[in-house]
Structures are given as C-alpha cells and as structure tokens.
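Peer 1: In UniProt numbering, the protein residues as written are 1 to 320. Note that the Cβ used here is the ideal one computed from N, Cα and C, for glycine as well. What you are looking at is a predicted structure, and each value in this text was computed from that prediction instead of being measured.
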Amino acid sequence: MAELVRRTVREELAGRFILTHPMTVRDGLRAGRIRDAGATTPSRLAGLALELDATRFLSVTLHQAVEGAIPIITLSAQSFEAGENRLSWAGFRSASGLDERKMLGLGVIENLDDLARRTTRRLMEDFLKPETGRTGRIKVPTPKEGTYLRSMLNTRTMSKMAVLPFDSVVNRQPQAAAEMATAALMAVLHRKGAPLTHPGIVDETLRRRYEQRYGGLDELSRAALKIGGGARWFITGTVETLEMKGGIEPVPWIALGVRVVDVETGQIFWIGGLERTGEEEENVFGLDRVHSPGELLDGMLDGISAAFLRTVEVERDGSK
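1) I'd like to confirm something about Ser305: is its beta-carbon nearer than 6 Å to some heavy atom of the ligand HEM, or not?
2) Taking the continuous beta strand (DSSP E) assigned at Gly273, which residues delimit it?
3) Can you give the Cα-Cα distance for Thr311 and Trp270, rounded to whole angstroms?
4) Kindly give me the distance between the Cβ atoms of Phe80 and Ala162, rounded to whole angstroms, as I take these residues to be in contact under 8 Å.
5) Taking the CB atoms as reference points, tell me whether Phe166 and Gly237 lie closer together than 7 Å.
6) Under 7 Å, do Ala49 and Ala82 count as touching if we go by C-beta distance?
7) According to DSSP, is Ser305 part of a helix, a strand, or is it coil?
8) With a CB to CB cut of under 7 Å and the five nearest residues on each side skipped, what residues in its chain are close to Ala39?
9) Using the beta-carbon count (16 or more within 10 Å), is Pro22 buried or exposed?
10) Taking the alpha carbon of Leu87 as the reference point, which residue from Leu189, Arg289, Arg7 has its own alpha carbon closest?
11) Residues in its own chain within less than 7 Å of Leu62 by CB, not counting five upstream and five downstream?
12) Applying the criterion that 16 or more other CB atoms from any shown protein chain within 10 Å of the CB defines a buried residue, is Thr265 buried or exposed?
13) Going by Cα to Cα distance, which pick from Gly257, Ala187, Val263 is closest to Arg276?
14) Spatial neighbours of Ala224 within its chain, please: CB distance less than 6 Å, with the 5 preceding and 5 following residues excluded, ordered by chain position.
15) Any idea if Gly68 is buried or exposed, counting beta-carbon neighbours within 10 angstroms, 16 or more meaning buried?
16) Can you check which of these residues, Val239, Leu128, Leu115, is closest to Ala176 by C-alpha distance?
17) May I ask you to list the residues that DSSP assigns as paired with Ala90?
18) Leaving out five residues before and five after Ala231 in sequence, what residues of the same chain have Cβ atoms less than 7 Å from its Cβ?
19) Going straight from the alpha carbon of Leu29 to that of Arg35, what length do you get?
20) From this set, Pro293, Val9, Gly272, which residue's C-alpha is nearest Glu279's C-alpha?
21) Can you round the beta-carbon distance between Leu19 and Met124 to whole angstroms, since I take them to be within the 8 Å contact cut?
22) Using the C-alpha atoms, what's the distance from Gly32 back to Val25?
23) Which class does Phe166 belong to by DSSP, given the choice of helix, strand or coil?
24) What does the Cβ neighbour count give for Arg93, buried or exposed, with the cut at 16 atoms within 10 Å?
25) Looking only at its own chain, which residues have a Cβ that is under 6 Å from the Cβ of Ile109, when we skip the five neighbours before and after it?
26) Can you tell me which of Ala178, Val260, Ile72 puts its alpha carbon nearest to the alpha carbon of Ala306?
27) Quick check: the Cα distance between Val290 and Asp298, rounded to an integer number of angstroms?
28) Buried or exposed for Ser43, going by 16 or more other Cβ atoms inside 10 Å?
29) I need the DSSP call for Arg259, collapsed to helix, strand or coil.
30) With DSSP run on the structure shown, which of helix, strand or coil describes Ile201?
31) What number of angstroms, rounded off, separates the C-alpha of Pro252 from the C-alpha of Ser59?
In structure tokens form, the structure reads like this:
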C-alpha cells in the first residue's frame with residue numbers, strides 16, 4: 001500500500017515539479033541516516049538538499065489502511081523548504097469506502113487500492129493549492145464570533161507554535177492513534193495560518209533531553225524549544241478513545257483533550273477536549289454519517305483549535 005501511495009504522489013506531481021529519482025532519494029536518505037524527513041532538523045535537511053540538488057521536500061505518511069467490506073485509509077503529508085526552520089505546509093486526508101455513497105447505496109468504494117488512489121490525489125490537490133484550505137465539516141463548538149477562518153488570523157504577528165507528539169491511552173494501536181492526532185493537528189493549524197515550528201526541531205529537542213512524556217517539558221527543554229524553534233507556545237494532547245462502533249456500517253468514536261502551554265513559564269494556558277461519534281452528523285437518510293476516524297478527528301481538532309487560537313490572539317493583543 002505504501003508503494004501505491006508513493007507512485008500516486010509522483011504521478012500527481014510529475015509535470016509540475018522536477019522530481020528527484022526515487023533511487024537517488026533512497027541513497028541520499030541512507031547516506032544521511034535519515035528515516036523520516038519530518039523528524040529531521042533543518043540543518044540536516046539542508047545537507048540532504050545539497051546532496052540531492054533539491055530545494056523542497058515532501059514527506060507523506062500512511063497512518064491507516066484497513067481492508068475489508070468497508071475500506072478505510074488515512075494519510076498525512078508535510079512539506080519543508082531547504083534551510084528553513086518552519087513547517088512550510090501540512091495536509092491530512094482520511095476516507096472510508098462509504099464517504100461517496102449516494103441514494104440507493106450507489107457510490108460505495110469497496111476496493112482499498114481505489115480508495116487509496118483517490119485519497120492520495122485529493123491530498124496532493126491540497127498540496128498544490130494550499131491557499132484554498134479546507135474546513136472541517138464536523139459540528140463542534142466554535143468561538144462566539146463564529147467559525148475562526150484562516151482569513152481572520154493575523155498571520156504576520158501570530159506567535160510561533162510547536163506541536164508536540166500526542167499521548168494515547170487507547171487500547172488498540174495507541175502509538176498509531178497518537179501519531180494520527182499529531183499529524184491532523186499540524187494540518188489543521190496550517191490551514192488556519194498558524195506559524196509552526198519545524199517538527200524536526202521539536203523531535204531533536206525531545207531526543208536530546210530524553211523526554212519520554214510529551215505532556216510536559218522541563219525548563220531546559222522549553223528553553224531549547226524557544227531558542228531553537230522560536231516557539232511561544234507548545235501544543236499537545238491525549239487521545240483517550242479512538243475506536244469503531246456499530247456493525248455493518250461502523251462509525252468512529254473519538255475522545256481527546258488538547259493543552260496549550262506557555263513555553264516560557266511551563267504553565268497551561270488553555271485546555272479543552274471533545275468526544276464525538278460519526279453518528280452525530282447523520283441526517284434523515286444517514287448520508288452524512290462520518291465513517292472515517294481520521295475525518296472525524298480532523299473536524300474535532302478544527303473546532304478545538306478555533307477556540308484556543310482565538311484565546312492566544314486575545315492574550316497577545318492584551319484585550320478580551
């Protein structure tokens with residue numbers, strides 16, 4: 001499945017970019033002992049860029065690929081400019097074979113490969129037209145002023161944020177759930193125009209300080225994150241529930257909490273959480289149900305981030 005996603009990505013980008021040959025990329029990654037571009041510091045990526053004669057990197061992650069009568073797939077992607085210490089772009093897409101279902105049951109996708117190709121193409125469409133963005137369609141609480149769209153944010157003055165890996169206490173595949181939530185939050189914040197610290201800087205800070213618990217950082221780790229990544233806030237959270245419920249047409253059930261922490265003081269500045277199921281979006285015909293856990297997660301984080309971004313902006317402005 002990973003190879004299918006990789007081929008589809010290259011097909012979608014061919015003709016728009018000059019793509020380095022995959023064998024050359026593989027050799028460069030091996031020589032630099034790089035396994036994940038998203039967990040690699042800007043300085044190491046700059047060295048890899050010279051090695052590959054590249055100016056931009058795109059890293060795609062396959063989080064979930066579920067075969068069966070109703071396939072599910074979840075993908076994320078991140079883009080980095082060589083030498084920059086920030087995340088250039090982040091995207092997240094998740095789909096179920098039931099997402100395109102119409103009246104009389106038409107439009108169901110039963111083949112995982114077909115669903116993977118379609119979802120990968122849509123993720124690349126987001127990458128090629130990042131300025132359009134996407135808004136979550138899940139009904140979640142939003143600020144009194146209304147949905148907090150990207151156009152409402154003052155991206156020139158907004159303080160930089162660092163997304164730390166989520167914790168997970170779910171029973172099945174907790175690490176996968178945590179990684180999916182982390183990737184979804186980065187994509188949501190990028191859509192809203194929030195400046196994000198390069199995830200490679202975050203990863204290096206955690207590894208150098210031997211931080212195993214991501215829910216909080218000691219003073220030296222926070223200082224390293226502030227100096228190295230320019231972060232004013234760090235954001236993390238916990239996935240408490242992520243499972244499928246129901247029989248023939250299962251829907252996701254997700255509960256999570258999010259914390260925004262002041263990098264300088266280590267104090268929690270904002271905390272919130274949500275619990276939702278895909279059934280809450282159902283209309284009279286059941287056509288608006290959310291069957292993909294990634295899509296539900298994306299929508300939930302879209303609403304949560306709307307609330308804390310407004311709070312962060314109010315604090316910066318010194319007003320209420």
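Peer 2: To lay it out plainly:
1) Within the structure as shown, the ligand HEM is missing, as the structure has no ligands at all.
2) As a first step, residue 273 must be located in the sequence shown, where it is residue number 273. Per DSSP, Gly273 belongs to the beta strand (DSSP E) from 268–277.
3) Within the sequence shown, numbered from 1, the residue matching residue 311 stands at position 311. Within the sequence shown, numbered from 1, the residue matching residue 270 stands at position 270. Each residue's Cα considered, the two are about 8 Å apart.
4) Translated into the one-based positions of the sequence shown, residue 80 becomes position 80. Translated into the one-based positions of the sequence shown, residue 162 becomes position 162. Going by Cβ atoms, the distance from Phe80 to Ala162 rounds to 15 Å, so no, they are not a contact pair.
5) Start at 1 with the first residue of the sequence shown, and residue 166 comes out as number 166. Start at 1 with the first residue of the sequence shown, and residue 237 comes out as number 237. It is a contact, given that the beta carbons lie within the stated cut-off.
6) Taking the sequence shown and counting its residues from 1, one reaches residue 49 at position 49. Taking the sequence shown and counting its residues from 1, one reaches residue 82 at position 82. Cβ atoms of Ala49 and Ala82: closer than 7 Å.
7) The residue you call residue 305 lines up with position 305 of the sequence shown. For Ser305, the secondary structure class from DSSP, reduced to helix, strand or coil, is helix.
8) Position 39 of the sequence shown, counted from the first residue, corresponds to residue 39. Hits under 7 Å: Pro199, Gly200, Asp203.
9) As a working note, residue 22 is residue 22 in the sequence shown. Exposed.
10) On the sequence shown, residue 87 is found 87 positions in, with the first residue counted as 1. Nearest of Leu189, Arg289, Arg7 to Leu87, Cα basis: Leu189.
11) As a working note, residue 62 is residue 62 in the sequence shown. Same-chain partners within the cutoff: Met1, Ala2, Val5, Leu75.
12) Residue 265 sits at position 265 when you count from the first residue of the sequence shown. When all chains shown are included, Thr265 counts as exposed.
13) The sequence position of residue 276 within the sequence shown is 276, counting from 1. The candidate whose alpha carbon is nearest that of Arg276 is Gly257.
14) For this step, residue 224 is matched to residue 224 along the sequence shown. Answer for Ala224: Thr205, listed in chain order.
15) The residue labelled residue 68 in the question sits at position 68 within the sequence shown. So Gly68 counts as exposed.
16) Locating residue 176 in the sequence shown gives position 176, where the first residue counts as 1. Here the closest residue by C-alpha is Val239.
17) Position 90 of the sequence shown, counted from the start, is the residue given in the question as residue 90. Residue pairing of Ala90 in beta bridges, as defined by DSSP: Gln78.
18) Residue 231 sits at position 231 when you count from the first residue of the sequence shown. Excluding sequence neighbours, Ala231 sits near Lys160, Met161, Ala162, Thr197, Leu225, Val263.
19) In the sequence shown, counting from the first residue as 1, residue 29 sits at position 29. In the sequence shown, counting from the first residue as 1, residue 35 sits at position 35. Taking the straight line joining both Cα atoms gives about 7 Å.
20) Residue mapping note: residue 279 aligns to position 279 of the sequence shown, counting from 1. Closest by alpha carbon: Pro293.
21) Sequence index remark: in the sequence shown, residue 19 carries index 19 (1-based). Sequence index remark: in the sequence shown, residue 124 carries index 124 (1-based). The Cβ separation is near 12 Å, so there is no contact.
22) Here residue 25 refers to the residue found at position 25 of the sequence shown. Here residue 32 refers to the residue found at position 32 of the sequence shown. Rounded to the nearest angstrom, the two C-alpha atoms are 11 Å apart.
23) For the purposes of this step, residue 166 is taken as residue 166 along the sequence shown, with counting starting at 1. Reduced to three states, the DSSP call for Phe166 is coil.
24) The sequence position of residue 93 within the sequence shown is 93, counting from 1. So Arg93 counts as buried.
25) In the sequence shown, counting from the first residue as 1, residue 109 sits at position 109. Short of 6 Å from the beta carbon of Ile109, and not among the five residues preceding or following it, lie these beta carbons of its own chain, in chain order: Gly97, Leu115.
26) In the sequence shown, residue 306 corresponds to position 306, counting from 1. Closest option to Ala306, Cα to Cα, is Val260.
27) For this step, residue 290 is matched to residue 290 along the sequence shown. For this step, residue 298 is matched to residue 298 along the sequence shown. C-alpha separation (whole angstroms): 11 Å.
28) Translated into positions along the sequence shown, residue 43 becomes position 43. Of the residues assessed, Ser43 falls on the exposed side of the cut-off, its CB having fewer than 16 other CB atoms within 10 angstroms.
29) Translated into the one-based positions of the sequence shown, residue 259 becomes position 259. Strand at Arg259.
30) The count along the sequence shown starts at 1 and reaches residue 201 at position 201. Of the three classes helix, strand and coil, the one that applies to Ile201 here is helix, per DSSP.
31) Here residue 252 refers to the residue found at position 252 when the sequence shown is read from its first residue. Here residue 59 refers to the residue found at position 59 when the sequence shown is read from its first residue. Spanning the two alpha carbons is a distance of roughly 27 Å.
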